[in-house]
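Below is one structure, written out as structure tokens; comments come after it.
There are 2 protein chains.
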Amino acid sequence: MGRYLVISSDTHAGPNSPVYRDYLDPKYRAAFDEELAERQALIDKRRESAEASPFVGDDEFKEEWFGVDDEGNSLHEIGLRGGWDAVTRDTELDNDGVAAEVVFPGPDAATGTMGAPFGAGFIPVATRDDDHLLAGARAYNRWAAELCAASPGRRAGLIVAPIVGDLDGAVAEIRRAHAEGLTGGIIIPPRWGDHESYTSYRYDPVWATCEELSLPVHCHSGPAPQEEYGEVPGWMSVYGYETIFYTARPLWFMLLTGVFERYPRLKMAVTEAGCYWVSDLLWRADMMAMREHGMRKMVGTRGTLTMLPSEYFDRNIKIGASNTRRRELGRRYEIGVDNIMWGNDFPHPEGTWPYTREFLKSRFWDIPVDETARILGLNHVDFYGFDVDLLQPIADRVGPTPEDLGQDDAVSVPKWAPFKEAGRPWLTGLEAGASLTDT
Amino acid sequence: MGRYLVISSDTHAGPNSPVYRDYLDPKYRAAFDEELAERQALIDKRRESAEASPFVGDDEFKEEWFGVDDEGNSLHEIGLRGGWDAVTRDTELDNDGVAAEVVFPGPDAATGTMGAPFGAGFIPVATRDDDHLLAGARAYNRWAAELCAASPGRRAGLIVAPIVGDLDGAVAEIRRAHAEGLTGGIIIPPRWGDHESYTSYRYDPVWATCEELSLPVHCHSGPAPQEEYGEVPGWMSVYGYETIFYTARPLWFMLLTGVFERYPRLKMAVTEAGCYWVSDLLWRADMMAMREHGMRKMVGTRGTLTMLPSEYFDRNIKIGASNTRRRELGRRYEIGVDNIMWGNDFPHPEGTWPYTREFLKSRFWDIPVDETARILGLNHVDFYGFDVDLLQPIADRVGPTPEDLGQDDAVSVPKWAPFKEAGRPWLTGLEAGASLTDT
């Protein structure tokens, strides 16, 4: 084993907002100019009142992220330019040990000045109407296709696809953007508002198109029903806890109502919502499908599924788990070692950039090498169709080694053997440590 | 160690619907007669069309639950009478090894003929308006006070308290019903509809009253936003998975926004929603409060909390975990051994009655005796103020022994020692088995 091929399942890119003007269909430019002016007024107002959005950090945080070091150099200024500049971006990926990336919109760490038009971000939500949102998506997609073309093979660019509104328009945009070079998949809104939810067969044309073009469907954090939280101290923690649920929600809506039965080659990923919840989802879903005692009286839990939910999961779904926690890695045999895709969330401050090497060491030091290789990159290769022949030379130059991560298979492999054997205890009937079966 | 004092944190009681007429304030009786007629028409229609509610079971299930044995005897008919008859009820508890119980409304296993008036069940949701719902709650509460008086000390009866509508009326009813003998706590609607959520200080008079009277606040399963699921095959599994989240949701709304900081002696329980999710809730909530890396940029996650969320949990909250799964017991040191209260869900078919002894053996065979004693009954004593001197003689007559459960501390205690020591790994920094810290 040489150097790991590390791929980030979760990065963000996009230009400063005014740049989008040139990528918008002309009829939407006047409206975009208005939106830009409104947004700038909001930013100015916040700056004047010293009342920043709670999502952009307090003074201590901003000092860390935007401040200067002892010698007066900006801490992250150059690196943050990688949000839109392809050459800088590749340098930052190199420095972080990352050979390739899956690119979402929204590079803006904490300033609010880089949003795509009309809400076409990594959580697409219309700021005007469905028509404008789709126009914004086209603008982002055109820009992203250029960024990806600048470093062939190193980026899987995602297509913003606001499917809950103008579905036919979104499907047409998926085909257009795919033809233009965005081959990484599509991003759908995790919440459907007043539209039909993702159990509805209305969305079948989207699933059929994505299956045909081999485009994984993505939901990215962090939506949540903030309107329910009220403006009381601590609401931010309610948001932080619930956004995981609301980001991942389309997954079980689709999984349990047979979308992957109808579209057996459709792929799906949930990104930057952790993966700790996956083991319990699969346990509960499998047990319901098998009509466990607590759900015996319920009719129709199995629906149209011919396999167990965990079997569809293994076949169709992966998790863009970003900065994997040790707590999550401890559950990897239940989640599925092949289903977890690490990511650095470049250039967001909640990710691991520019300290990925240190993070990887603190998280993976006792994980077997073959499993680390899958979680850090090989799973992404299979899912997104990256070209290993093209990427391995980059990895051989920048990737971390097992030694860098403090790994020793002579210790790690025996340590985990009972858990690997137990796998999913509710299916194997084997117990290991505190991971018990369900009987 | 003799016989376990077993208390069920989750049982259901109530008469056949027409009986409620006598317990209703006279001005609501005509409306109740109408509701009864409508309900009966629905039941008749379902019976004719052979299209039962998906919540009442298929033919195979109904044969199991309502059928006859080889000798022509009704399988559960006599026992089900315990839903409303105090003498039968005590006999069934005895047979199940249960010394005492925490009583919710809704004994109806699967027929739809025993609902309390105007939606005043264990998930209070108005079928007419807030005024009628409160009248229905008074009717149930009066009936329940009589049932509890029939077996002094053996039942903690809960007060149906629809606080989201007529708050002042609900507070008055809490005081009235408490004075009448319902001392087990209150049941609130887990969903708030168009009303303010439980982060709102609007509900402070409820919390203050419950703190004053030492009445734990309860949410009982299974609400869910069914209107979002659509009528597609498999929606029942979406419901089954999500009802856990939506039942428990008030807990983190209250916990994270400081209700237990403002009301340090207020108690709360979430009932029949399992407890598997508690360990991850506490982990996430604690990590956010400590501003872990992934939430560093967010402002105000700690809110007004002066302690960690898990510390409030240990002080103020317990889980009515009903039929505890082994998977859940495996996490008991993270959840807190003192925070789990087993229950048999009598007389619902998804519970353990009338097979509690077998269920307990299959779940607890390797759990240390002192921990079993707490989860099966001692935790309930502390939380609800049961009188052990009164109950122990019943337990000595009917309770199971450690031998009955196949337990041997010489094996169990060493088996779990590393996990007990690790406790909550995110706080202790200790790891055991696959339970890892968060660094």
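Protein chains in written order, with the working numbering: chain A, 1 to 439; chain B, 1001 to 1439.
Backbone N, C-alpha and C define an ideal beta-carbon position, used for all residues, glycine too.
Alpha-carbon spacing of A:Glu63 relative to A:His76, whole angstroms: The alpha-carbon atoms of A:Glu63 and A:His76 are separated by roughly 11 Å.
Bridge partners - B:Arg1155, DSSP secondary structure assignment: According to DSSP, which records beta bridges pairwise, B:Arg1155 is partnered with B:Glu1101.
Helix, strand or coil at A:Cys275 [DSSP, three-state]: Correct three-state label for A:Cys275: coil.
9 Å Cβ cut-off: residues of chain B touching A:Gly57: For A:Gly57, the C-beta contacts it makes with chain B under 9 Å involve Arg1296, Lys1297, Met1298 and Val1299, in order along the chain.
Under 9 Å between C-beta atoms of A:Pro225 and A:Glu242: Contact: yes.
Limits of the unbroken alpha helix (DSSP H) element including A:Thr88: Per DSSP, A:Thr88 belongs to the alpha helix (DSSP H) from Ala86 to Asp96.
Nearest candidate by alpha-carbon position, reference A:Val160, set A:Ser214, A:Ser279 and A:His218: Selected option, being the one with the closest Cα: A:His218.
Residue closest to A:Leu255, alpha-carbon to alpha-carbon, out of A:Thr352, A:Glu272, A:Met288 and A:Pro223: If we check each option's Cα against that of A:Leu255, A:Met288 comes out closest.
Contact set for B:Pro1107: own chain, Cβ-Cβ below 7 Å, skip 5 residues either direction: Only His1012, Ala1013, Gly1014, Gly1083, Trp1084, Met1114 and Pro1347 meet the Cβ criterion.
Supposed close pair A:Pro216, A:Gly181 - CB separation, criterion 8 Å: The Cβ separation is near 16 Å, so there is no contact.
Chain A within 9 Å of B:Trp1252, Cβ atoms only: The beta carbon of B:Trp1252 sits closer than 9 Å to some beta carbon of chain A.
Three CB pairs or more closer than 8 Å across the region 1024-1031 of chain B and the region 1333-1345 of chain B: With a cut-off of 8 Å on Cβ pairs, the region 1024-1031 of chain B is not in contact with the region 1333-1345 of chain B, counting fewer than three such pairs.
DSSP state of B:Lys1318 mapped onto helix, strand, coil: Under the three-state reduction of DSSP, B:Lys1318 is assigned to strand.
Check whether B:Pro1309 and B:Leu1329 have beta carbons under 9 Å apart: At least 9 Å separates the beta-carbon of B:Pro1309 from that of B:Leu1329.
Residue of B:Thr1247, B:Lys1297 and B:Tyr1201 minimising C-alpha distance to B:Arg1262: Among B:Thr1247, B:Lys1297 and B:Tyr1201, the Cα nearest to that of B:Arg1262 is on B:Tyr1201.
Within 9 Å, strictly: CB atoms of A:Gly97 and A:Pro400: Against a cut-off of 9 Å, the Cβ pair of A:Pro400 and A:Gly97 comes out as a contact.
Distance CB(B:Met1290)-CB(A:Phe55) smaller than 9 Å: Contact flag unset, no.
Cβ pair count under 8 Å reaching 3, the region 33-49 of chain A against the region 300-317 of chain A: Judged by pairs of C-beta atoms under 8 Å, the region 33-49 of chain A does not touch the region 300-317 of chain A, as fewer than three such pairs exist.
Cβ-based burial, A:Arg332 [other Cβ within 10 Å; buried from 16]: Burial call: buried.
A:Met254 (DSSP reduced to helix, strand or coil): Annotated three-state conformation of A:Met254 is helix, per DSSP.
Neighbouring residues, chain B, relative to A:His178 (Cβ below 7 Å): For A:His178, no chain B residue has a Cβ inside 7 Å of its Cβ, as the nearest lies near 28 Å away.
Proximal chain A residues relative to B:Glu1350, where beta-carbon distance stays under 8 Å: Within chain A, His293, Gly294, Met295, Arg296 and Lys297 have C-beta atoms less than 8 Å from the C-beta of B:Glu1350, given in sequence order.
Closest residue to B:His1293 among A:Tyr355, A:Gly169 and A:Glu34 (Cα-Cα distance): The residue with the shortest Cα to Cα distance from B:His1293 is A:Tyr355.
Separation of B:Ile1375 from B:Phe1386, as counted between CA atoms: Between the C-alpha atoms of B:Phe1386 and B:Ile1375 there is a straight-line separation of about 15 Å.
Reference A:Leu167, options A:Trp192, A:Thr183 and A:Arg363, closest by Cα: From the listed residues A:Trp192, A:Thr183 and A:Arg363, the smallest Cα separation to A:Leu167 is found for A:Trp192.
Span of the beta strand (DSSP E) around A:Asp10: Here the beta strand (DSSP E) through A:Asp10 covers Ile7 to His12.
Between the CA atoms of A:Lys361 and A:Asp404 - distance to the nearest angstrom: Cα-Cα distance, rounded: 7 Å.
Residues sharing a beta bridge with B:Val1068, DSSP: Bridge partners of B:Val1068: B:Ser1074.
Proximity to A:Gly300 [Cα-Cα], best of B:Pro1189, B:Asp1059, B:Trp1235 and B:Val1337: When only C-alpha atoms are compared, the closest one is B:Trp1235.
Boundaries (first-last residue) of the beta strand (DSSP E) holding A:Gly185: From DSSP, the beta strand (DSSP E) with A:Gly185 extends over Gly185 to Ile187.
Neighbour-count burial assignment, A:Leu390, 16 or more Cβ in a 10 Å radius: Within a 10 Å sphere around the beta-carbon of A:Leu390 sit fewer than 16 other beta-carbons, which makes this residue exposed.
Distance between A:Cys275 and B:Arg1315 (C-alpha atoms, nearest Å): The straight-line gap from Cα to Cα measures roughly 29 Å.
Backbone CA spacing between A:Gln407 and A:Pro189 [nearest angstrom]: Each residue's Cα considered, the two are about 39 Å apart.
Chain A within 9 Å of B:Ser1074, Cβ atoms only: No, B:Ser1074 lies away from the interface with chain A (no Cβ there is under 9 Å from its Cβ).
Runs of beta strand (DSSP E) lying entirely within the region 309-353 of chain A, each at least 3 residues, in chain order: Whole beta strand (DSSP E) segments, 3+ residues: 317-322 and 340-342.
Coarse secondary structure for A:Ser197, derived from DSSP in three states: DSSP places A:Ser197 in coil when its eight states are reduced to three.
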